[in-house]
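Everything on this sheet refers to the single structure shown next.
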Amino acid sequence: MKKRMKCLLLMALVSPALFAITGLEIAEAHDNRNKPVSTHMALQMDLIEEGGKVSSRMIEQWGIEEGDLANSIMVFRSPASVKDTRFLQVENEDRGDDKWIYLPAMKRVRRIASSDGSKSFMGSDATYDDMESRDIARDTFELVKEEALSDFDCWVLKVQAKDPSDSQYAYKLVWHDKATNYPVKVEMYDMQGELEKVMTIKDLQNVDGHWTPVDTVIENVQNGHSTEMKVLNVEFDKSVNSRMFTTQFLSTGR
Amino acid sequence: MEKLLKKPWIIIAVVFAITAFMGFQVPKVVLDNDILAFFPDDHDSYIRMKALDDVYESQIMFDIAITEKEGTFLNNRTIQAIREISERVELMQGVDDVTSLITTDFPDGSAEGMVIEPLVGDDFTGTDEEIAQLRTNLLDWPDMFKNSLYSEDFRSTQIFVIINKDAVHLEKNAIYDNIVEFSGEYDWLDIRVAGDPVISHDAEIFMIDDLTSLIPLVLLVLLFSLYMSFHRKGGTILPMITVLITTIWTLGIMASFNIALSIVSTCLPVLIIAIGSAYGIHVMNHYYTDMREQKKRVSFAEHKELVIASVKHVLKPVVLAGFTTIVGFSSIMTSPIVPLKTFGLFSTVGTVIALILSIVFIPSLIIVNYKDKEKKNAGEMQEKKMLRQERSHKRMETVYNKMSNHRVGILVSTVIIVLISIYGLTQMNIESALIEYFPEDSSLRVNADYISDNFAGTNTFNIVLKGDNPGDVIDPLVLNEMDNLKSYVMERNPDIGKIMTYSDFIKRMNQIMNFPADESTEDYGSYDDMGGFESDDSFGSFFSDDSDDSAGTSSFFGDDDSADTGSFFGGDAFEVDDAVVLESSFKPLSLEEDLTWETLLDLTRKIVNEKGTDGLSVEELTEEVEKAFNIRGKAYYEIPVDPAKYMASSNEELKNLISQYLLLYSGSLDKFSDDTLEPSQVRMLVQIKESDTATVARILNDVNTYAADHFPENITIENSGVAEVTIALTDMITSSQITSLLTALLAVFIIVSVAYKSPIAGFFGIIPLFLSILINFGLMGVTGINLDMITSLVASIAIGVGVDYTIHFLSRYKAERLKSDDLDLVTKNTILSSGKGIITNAVSVGLGFAVLVFSKFVVLRFIGILVAVIMLTSSVAALTVLPALLNLIKPKFISKK
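Heads up: the sequence lines are chains U and H, in that order. The working numbering runs 73 ahead of the 1-based position in the first sequence. The working numbering runs 2 ahead of the 1-based position in the second sequence.
Structure representation (structure tokens):
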């Protein structure tokens, strides 16, 4: 009953049925896609300054999904100064993610606790929150228009947190590719309502049945800084030992 | 000229049309007192400051100081008010960022790792525990929070509002007005706002006040002096209308060319009115004299001819006087400082306009104003005039007689005055801080002083460390020197309220990552409940150096891959730390085992021995004890430089440690470095309690001295920011004062030399000016009036106006000298004939400028007094020293036919 009420409420909120599909349905379709049980990626993260100066870092990442909860471990491979820095993120059902980091120069594992997810993730233009997959129950989705991007024909959703303090953005505009339901472009608007960042997927590939953004750019239009994430290699659904997602493994590497 | 005056109505119509047009422009005039707008765009300091805006954040900010009227700000009502204010301000147009108790994070350590939480969380309700925790947290990182987010008595806190670098001054004013407006809603708080935009804002209000009150006042003074010299309606009104029109045109031209009016140009109308009237006076004077000589009634046509003839006659001396004045004013244009350049240009423009109007517009008005009755009371007038002339003649004679008895006395006292002035000159203070232009009891100064007394001060600059290569600046040895530089400069300069540095963050990071480990630390996941690792390749890594078998299952990278681990990247999937676990050279005392009276006493004794009892505070003692026990990681609030303590094999490894901190803490440091991981530059923010440039100069000198001795060659130090820009401005004021002074004196020298065909005459021409300028500077030094942008104008004004007296005197003297060889008689006649004109002009210009003592700006009061004094000294010097020297030296040029 409650659920029905919610649906009705949502339908009332959404503009009259201009479209055959609702924003929420699009978001749900994406959320319910067939997700890999495990991932293994080689990533190149390029930090690009306004003047065009690029600094690259190589990251290797493993992830598993256990009953809707994702665990992942990242290992920095280069540059040499941060080589072997490892970052473990464990999703929890009832509270925020647990995060640990291993700094090789300290030879210690430290837990990172922060309620503020709006901080830059490892120097990139993405924040910790941006990196997290957000429960769709936290947002409202309004289908505002249809628009064709160069490579994709899209639905454009306006996504807003139900509780304004639950997001670092006032709202986001999300372009969902009609063919795959995959969000291929996101515009993020700051609390003053001004465009802050634009995330664009430059290359979306189907790898072993999973749509994978292999080249993603996040640009902060307010300061001109941008981050490009390229997937150099990817494996899905290979067996990954869950022992990798422990702090013991983080500190010893075995 | 003649042709022009033939059609006076046309001239009048054109002048009124232009005046009407310009009158509509005037309200559009822009006011701008942004110190950066004073700089030429290519000035080093200007470029450095702009670069700072680009790399870090805008250097323009408001500083809102919030003081609890009773008790401390640590209560829920005030904290919620601060939240509300922060949120309101953040949404205002032109605001980039707000830093307050609410927006600030508190990076803390725990047994397990690091915790970054806001100082005041969203769910803060002000329970006793929350308040106590907030207080503890604030006190835990004094380098960051003390005198910034809390005053030592906890009565006040601050909100910093960073303004977008491209925000126009209307936006800044709107922000300020907004803040002031809503601050009334919090009646239990005193809310004070300071910062450079407030200076500009208040300067504008003062300027408008000044312009609207001083212009009528100086017109009144002019009215008075015109009436005193003419005793006639026309003679009073016509020169007055002329200068009024001149003022409107000048301001209108500035407005239509979008040239901003600064504090300096506030005295422009006063200058134009006081000085520009002289030409009109001259023209009127001559006209009245010519009219008096007419024995019969004149018709309109005759009157017109008479006026034209009169103007023709007066043209040459008036243009010459105007020309020398223009030379004096335009010498100000040699200054690189924009407001001075503007002032030089528009005082020149104003003089030219006044000159043209005086010889074209005034005669036109006289012509059309022809009245048949004009000659009616001529006889009576003549009588009155004669009577007045006789009286003033007598006065001059008395003065002369008194002076002539003291000829030696004049020269001796001149020498004494010169000596005192030279002493005064050495005492002169050069100042360019805009805030010093305001009276000490202005709310601006009162608020800034309050903030300096309770916090770190509002006068700031940055020390930027730049490395040759990215990452050079995060070498621990460099960061440590950065930290030492801070202590060194702070120790030597008690006027520094606070220095926040990049290294403070690294120290904090190092501290919280080295919190003492708690034995009960819970690990996430344990091997015990997960079954063993069967084989390494079960989680195959993509990267490996080993290329034994490229056919390996998880290989993506051809021969670079490894069948073994399948890692994407070179090396093992993970660096396995097989190495022997090193031990740190630092062993903190243990609270469990070492906490005995004996250890404590030993420890305190050791601390006292090391630090000395002199000035060792309880705070410091506690700090040292905490360090010994490594309580809350305090032994690690430092830049990691000792490899043994950090179990590192080399400095390079410690540098990696810092890189790894940065990777973790990235994003929180972008206000202090240009890159999160491998910065090419990092900065220190210096906050100073005093606004005067001498204090800042001393600090900059200390910074440069220390930097030269302590930083490696690949690191360069740059100082930039508002305080540094002010210093640069001071240097520019000095050099531009010297340049414009020399230019003007040289020009006067050349003009007088050419006029008398003798360089000796040139020297005589500049002597009275030189003397009066020297006395001016001496007076400034002795009375403590600063040389600044505005007072630096006095010398040029003195030359522009004073040179007329010299030329006037020399030409009369020469004329008299040709008539007689009796020097006493020559001198007497010269003084009697030219003295009145010179003194009248000096008094009217002096009085005109004297109205500036009613200005809201201290500095304008000073220039009012100084110009009044210099008018007196230059006219007196022309009338006393000049004849004394001429009679003593007897130069040839003066007796040559």
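Positions of the beta carbon are idealized from the N, C-alpha and C atoms, including for glycine. Keep in mind that this is a model prediction, so the values were computed, not measured.
Buried or exposed, going by whether 16 or more other CB atoms sit within 10 Å of the CB of residue i?
| i | result |
| --- | --- |
| H:Asp574 | Legend: pLDDT at H:Asp574 = 48, less than 50; position of this residue unreliable, value from coordinates given subsequently. Counting Cβ neighbours within 10 Å, H:Asp574 comes out buried, since at least 16 surround it. |
| H:Lys816 | buried |
| H:Val370 | exposed |
| H:Ala450 | buried |
| H:Trp251 | buried |
| H:Lys500 | buried |
| H:Thr598 | exposed |
| U:Met179 | buried |
| H:Pro885 | buried |
| H:Trp190 | exposed |
| H:His171 | buried |
| H:Ile717 | buried |
| H:Glu183 | exposed |
| H:Gly282 | buried |
What's the C-alpha gap between residue i and residue j?
| i | j | result |
| --- | --- | --- |
| H:Phe851 | H:Trp143 | 54 Å |
| H:Lys673 | H:Thr101 | 12 Å |
| H:Cys269 | H:Val805 | 21 Å |
| U:Asn245 | U:Glu166 | For the record, residue 245 of chain U in the displayed sequence is Lys; it is not Asn. When rounded, the distance between both Cα atoms is 25 Å. |
| U:Lys108 | U:Pro177 | 33 Å |
| H:Ser360 | H:Phe18 | 14 Å |
| H:Ser158 | H:Gln689 | 17 Å |
| U:Leu142 | U:Ala210 | 16 Å |
| H:Ser694 | H:Ile432 | The residue you asked about is not Ser; residue 694 of chain H is Asp in the sequence shown. Looking at the two C-alpha atoms, the distance is approximately 9 Å. |
| H:Glu173 | H:Ile165 | 9 Å |
| H:Phe440 | H:Ser215 | 17 Å |
| H:Tyr178 | H:Val195 | 8 Å |
| H:Ala113 | H:Met51 | 43 Å |
| H:Leu33 | H:Phe40 | 12 Å |
| U:Ser154 | H:Ile476 | 11 Å |
| H:Pro761 | H:Ile328 | 22 Å |
| H:Ile801 | H:Gly617 | 57 Å |
| H:Val959 | H:Asp704 | Any property of residue 959 of chain H remains undetermined from this structure, which presents chain H solely from 3 to 899. |
Starting from residue i, follow the beta strand (DSSP E) in both directions and report where the run begins and ends.
| i | result |
| --- | --- |
| H:Ser158 | Ser158 to Ile165 |
| H:Gln683 | Gln683 to Ile690 |
| H:Phe846 | The sequence given here has Ser at residue 846 of chain H, not Phe. Run containing H:Ser846: none in the beta strand (DSSP E); it sits in the alpha helix (DSSP H), Leu825 to Ala852. |
| U:Met261 | Pro256 to Tyr262 |
| U:Arg130 | Val127 to Glu139 |
| U:Leu176 | Asp171 to Leu176 |
| H:Ile274 | Element bounds for H:Ile274: not the beta strand (DSSP E) but the alpha helix (DSSP H), Leu270 to Glu295. |
| U:Leu305 | Ser299 to Phe309 |
| U:Pro286 | His283 to Asn293 |
| U:Ala186 | Arg181 to Ser187 |
| H:Glu621 | Here H:Glu621 belongs to no beta strand (DSSP E); instead the alpha helix (DSSP H) covers Val620 to Phe631. |
How far does the alpha helix (DSSP H) with residue i in it extend, from its first residue to its last?
| i | result |
| --- | --- |
| H:Thr718 | First-last for H:Thr718: Ile717 to Ser722, but that is the beta strand (DSSP E), not the alpha helix (DSSP H). |
| H:Asp455 | Ser445 to Asn456 |
| H:Met649 | Careful: H:Met649 lies outside any alpha helix (DSSP H) and carries neither H nor E. |
| H:Gly804 | Leu795 to Lys821 |
| U:Leu277 | First-last for U:Leu277: Leu268 to Val280, but that is the beta strand (DSSP E), not the alpha helix (DSSP H). |
| H:Lys235 | Lys235 to Ser258 |
| H:His315 | Phe302 to Ser332 |
| U:Glu101 | Gly96 to Asp104 |
Specify whether the segment 346-364 of chain H and the segment 245-253 of chain H touch according to this definition: at least 3 beta carbon pairs, one from each stretch, less than 8 Å apart. yes
So, do the segment 194-213 of chain H and the segment 94-109 of chain H have three or more beta carbon pairs nearer to each other than 8 Å? no
Touching by the beta-carbon criterion (3+ pairs, under 8 Å), the segment 286-302 of chain H and the segment 765-773 of chain H: no
Which whole runs of the beta strand (DSSP E) in the segment 174-213 of chain H are 3 residues long or more, in chain order? 191-196
The segment 212-229 of chain U contacting the segment 243-262 of chain U, beta-carbon criterion three pairs below 8 Å: yes
Examine the Cβ distances between the segment 67-85 of chain H and the segment 751-763 of chain H and report whether three or more of them are shorter than 8 Å. no
Minimum length 4: unbroken alpha helix (DSSP H) runs contained in the segment 56-139 of chain H: 78-92
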